[in-house]
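For reference, the structure is listed below as structure tokens.
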DNA sequence: TAGTTTTTTTAGGTTTGTCTAAATTTTATT
DNA sequence: AATAAAATTTAGACAAACCTAAAAAAACTA
């Protein structure tokens, strides 16, 4: 397989994430996502097109090819395995792992990654709850779970709100929780099954079991 | 502190190693050591001089400044900690770790390295027996040991030959052992205390206890 | 739909790190 | 000491990955 530079890998990875949300990815979006200028993105896309990583027609947006997606999943696998390592073995906090993993993910020795995976016990999710692709690029399908059932120290994403009562919505609004919001389950209080929840950059708060039974989440 | 590119770091690190052996380092030596052309080395030295990492006068050879040495020890620390990790935790063989560590050493998060060090239990030597600088750049002073006393699975460097008898020298010549040669102690045979020794890229051989008592080595 | 705004691309430049070929300096040799 | 050889530096180029400013295309909008 061809070899890709760090910059090429960053483009491929970012396209992968952006194309989850929309049919095609635009030049401006990608420039924004990577932190470069649109003109630089155009340059890079020409190169990635030649290397058959993207479908791209000038002015028409772009998308990874099947090969590009496979490659992207490899980068994501490396990133998330390192995040797991940093969090699990080196005691990094879950919000500190990303920056370091950004560098480590580009060290591309296949043997290194396979052995790291084994050393970590073939984890299925990173500390943010995002799934870790296996060495074939396959990803665990995640089903929705009731927030009240989540173990402590997990990070989950709100995916559905069952009960649309004013009280629940009031609380959600107050805590600024919406679909897609990531919640960190800090701990569960035995005596009433209430749970302590934290949202990135905000103080933790308590949620009752009743409330949590109406919020569905996915891992990650 | 200033930030150095991967290429700059490779130059600094290689100068450090070369200047152990001689007063000053030459352009050709460094080019050879890094795998570039002498002209490229000259370019890089101008830059490193401006950044106060080397003492350098055109045509006169060069040497790291005190600051340069300190920086080099930081790179070497990262390299050897990763080698230890790869060998100890990921079960890489001792001769496979170097190449991967070459990449990992340039990931320069201070926090990462300090936590890795703690996770590994603050090891003092890498799998080749080379000392790992601490976070102040200090290195464990190693004393000479009798080869016959070395535990199996260690790598040592020949540092002194006591008995200058023809028989011993004959054997040393035959096995191509000289000062500075690295020996891997594979195992010790209980019944006569002979030891099995391997030199990189050569078949293993057996050495008697008597012989080993006349060879002194240092860790690494 | 014609004009305006936004998005994207092109054209031309810069920096980093490399190269080859030629010039210069140092070192070795006779 | 003069000359030949070796080492080093300079000069000029190139590729990668970025940039700014201008041109071109697409998308809005009145």
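Residue numbers (this note's numbering), protein chains in the order written: chain A, 4 to 223; chain B, 4 to 223. Glycine included, each C-beta is placed from N, C-alpha and C at the ideal position. These numbers come from a predicted model, not from an experiment.
CB contact below 8 Å: residue i versus chain B
{"i": "residue 106 of chain A", "result": "yes"}
Contact set between residue i and chain B, taken where Cβ atoms lie within less than 9 Å
{"i": "residue 115 of chain A", "result": "89, 93, 95, 103, 106 and 107"}
Own chain residues within Cβ distance below 8 Å of residue i, not counting five before or after
{"i": "residue 20 of chain B", "result": "36"}
{"i": "residue 157 of chain B", "result": "132, 187, 188 and 222"}
{"i": "residue 50 of chain B", "result": "11"}
{"i": "residue 203 of chain B", "result": "98, 185 and 187"}
{"i": "residue 27 of chain B", "result": "63, 64, 65 and 66"}
Separation of residue j from residue i, as counted between CA atoms
{"i": "residue 126 of chain B", "j": "residue 223 of chain B", "result": "13 Å"}
{"i": "residue 25 of chain B", "j": "residue 177 of chain B", "result": "28 Å"}
{"i": "residue 73 of chain A", "j": "residue 32 of chain A", "result": "21 Å"}
{"i": "residue 215 of chain A", "j": "residue 149 of chain A", "result": "7 Å"}
{"i": "residue 218 of chain B", "j": "residue 166 of chain B", "result": "8 Å"}
{"i": "residue 170 of chain A", "j": "residue 212 of chain A", "result": "14 Å"}
{"i": "residue 29 of chain B", "j": "residue 66 of chain B", "result": "9 Å"}
{"i": "residue 224 of chain B", "j": "residue 121 of chain A", "result": "What is shown of chain B runs 4 to 223, which leaves residue 224 of chain B out entirely."}
{"i": "residue 109 of chain A", "j": "residue 13 of chain A", "result": "9 Å"}
{"i": "residue 137 of chain B", "j": "residue 113 of chain B", "result": "12 Å"}
{"i": "residue 52 of chain A", "j": "residue 43 of chain A", "result": "14 Å"}
{"i": "residue 115 of chain A", "j": "residue 124 of chain B", "result": "21 Å"}
{"i": "residue 207 of chain B", "j": "residue 96 of chain B", "result": "16 Å"}
{"i": "residue 141 of chain A", "j": "residue 193 of chain A", "result": "37 Å"}
{"i": "residue 160 of chain A", "j": "residue 68 of chain A", "result": "28 Å"}
{"i": "residue 89 of chain A", "j": "residue 100 of chain A", "result": "6 Å"}
{"i": "residue 62 of chain B", "j": "residue 46 of chain B", "result": "13 Å"}
{"i": "residue 93 of chain A", "j": "residue 111 of chain B", "result": "15 Å"}
{"i": "residue 18 of chain B", "j": "residue 180 of chain B", "result": "26 Å"}
{"i": "residue 119 of chain B", "j": "residue 168 of chain B", "result": "47 Å"}
{"i": "residue 48 of chain A", "j": "residue 139 of chain A", "result": "25 Å"}
{"i": "residue 117 of chain A", "j": "residue 60 of chain B", "result": "47 Å"}
{"i": "residue 175 of chain B", "j": "residue 91 of chain B", "result": "31 Å"}
{"i": "residue 164 of chain A", "j": "residue 172 of chain A", "result": "9 Å"}
{"i": "residue 130 of chain B", "j": "residue 23 of chain B", "result": "21 Å"}
Proximal residues of chain B, C-beta to C-beta of residue i below 8 Å
{"i": "residue 110 of chain A", "result": "103, 106, 107 and 110"}
Same chain only: Cβ atoms within 6 Å of residue i, ignoring 5 sequence neighbours per side
{"i": "residue 145 of chain B", "result": "221 and 222"}
{"i": "residue 155 of chain A", "result": "188, 190 and 191"}
{"i": "residue 16 of chain B", "result": "75 and 78"}
{"i": "residue 196 of chain B", "result": "212"}
{"i": "residue 210 of chain A", "result": "198 and 200"}
{"i": "residue 38 of chain B", "result": "none"}
{"i": "residue 151 of chain A", "result": "212, 215 and 216"}
Beta-carbon proximity list for residue i, same chain, < 7 Å, skipping 5 on both sides
{"i": "residue 54 of chain B", "result": "5"}
{"i": "residue 128 of chain B", "result": "134, 135, 222 and 223"}
{"i": "residue 40 of chain A", "result": "34"}
{"i": "residue 162 of chain A", "result": "147, 182, 219, 220 and 221"}
{"i": "residue 143 of chain B", "result": "127 and 134"}
{"i": "residue 8 of chain A", "result": "none"}
{"i": "residue 71 of chain B", "result": "15, 56 and 57"}
{"i": "residue 153 of chain B", "result": "159, 188 and 220"}
{"i": "residue 205 of chain A", "result": "none"}
Cross-chain neighbours of residue i in chain A, by beta carbon under 7 Å
{"i": "residue 122 of chain B", "result": "92 and 93"}
Neighbour list for residue i in chain A, Cβ cutoff strictly below 9 Å
{"i": "residue 118 of chain B", "result": "89, 92, 93, 94 and 95"}
Are three or more beta carbon pairs between the stretch 79-87 of chain A and the stretch 101-115 of chain A nearer than 8 Å?
Verdict: yes, contact present.
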